[in-house]
Amino acid sequence: MNRLLIIEDEAVVARMYEKIFNYAGFTVEIAGDGEDGLAKVKTTNPDLILLDIMMPKMDGLKVLDLLKKDEFTKNVPVVILTNLGNDAVVTEAFRLGATGYIFKSGMSNDRIVEEVKQYLAPSPEQVPQG
């Protein structure tokens, strides 16, 4: 079973994603802000992190930067959650090491789950040959 850490400051949105992914068979942990997320990532050992960009205290780009600089978390895929149509923010997220991004609005629940499953699938170079 895949473990997700959702770092999202809007409780209603976080609970919605929790229900969607629980129903799809994932184990989900929620962090309400960036600082909480950085603490929980150490104890939950997630297979993937869904990370909101706009949060109080510490924005998602700062959290992403810290995750990718940490030996313990640098290889964990991070998918950005955003409603921003700002190409500069998405570009910066990829520069910092984001695996992908999902727009919060406009995607069906099934599509969101499929996107996350795609990011969890091993890339061809990670699949053992022979």
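With the sequence shown counted from 1, adding 712 to any position gets you the numbering used here. Positions of the beta carbon are idealized from the N, C-alpha and C atoms, including for glycine. Predicted model, so just to flag it, every value in this text is computed and none were measured.
Excluding the 5 residues preceding and the 5 following residue i in the sequence, name in chain order all residues of the same chain whose CB lies nearer than 7 angstroms to its CB.
i	result
Thr811	Pro789, Val790, Val791 and Tyr831
Lys752	Leu717, Glu741 and Ala743
Leu778	Leu750
If you drop the 5 nearest sequence neighbours on each side, which residues of the same chain put their C-beta closer than 8 angstroms to that of residue i?
i	result
Leu776	Leu763, Val790, Ile792, Ala805, Leu808, Gly809 and Ala810
Pro758	Arg715, Leu716, Leu717, Glu741 and Val788
When every heavy atom of the ligand COA is checked, does at least one fall within less than 6 angstroms of the C-beta of residue i?
i	result
Thr756	Absence of the ligand COA is noted for the structure shown, with no ligands found whatsoever.
Report the rounded CA-to-CA distance for residue i versus residue j, giving the unit in angstroms.
i	j	result
Phe738	Lys769	28 angstroms
Lys829	Asn787	16 angstroms
Asn714	Val724	22 angstroms
Asp799	Lys754	30 angstroms
Ile761	Ile719	7 angstroms
Val801	Glu783	24 angstroms
Leu773	Ile765	6 angstroms
I'd like the span of the beta strand (DSSP E) that includes residue i, first residue to last.
i	result
Gly818	Per DSSP, Gly818 belongs to no beta strand (DSSP E) and is neither H nor E.
Closer than 6 angstroms by C-beta to residue i: which residues in its own chain qualify, once you throw out the five before and the five after it? Chain order, please.
i	result
Lys781	none
Lys816	Leu793 and Asn795
Please classify residue i: is it buried, with 16 or more other beta-carbons within 10 angstroms of its beta-carbon, or exposed?
i	result
Phe733	buried
Gly818	exposed
Ala726	buried
Name the two residues that bound the continuous alpha helix (DSSP H) containing residue i.
i	result
Thr803	Asp799 to Leu808
Within the segment 717-797, ranges of the alpha helix (DSSP H) (whole runs, at least 4 residues): The qualifying runs are 723-735, 746-756 and 772-781.
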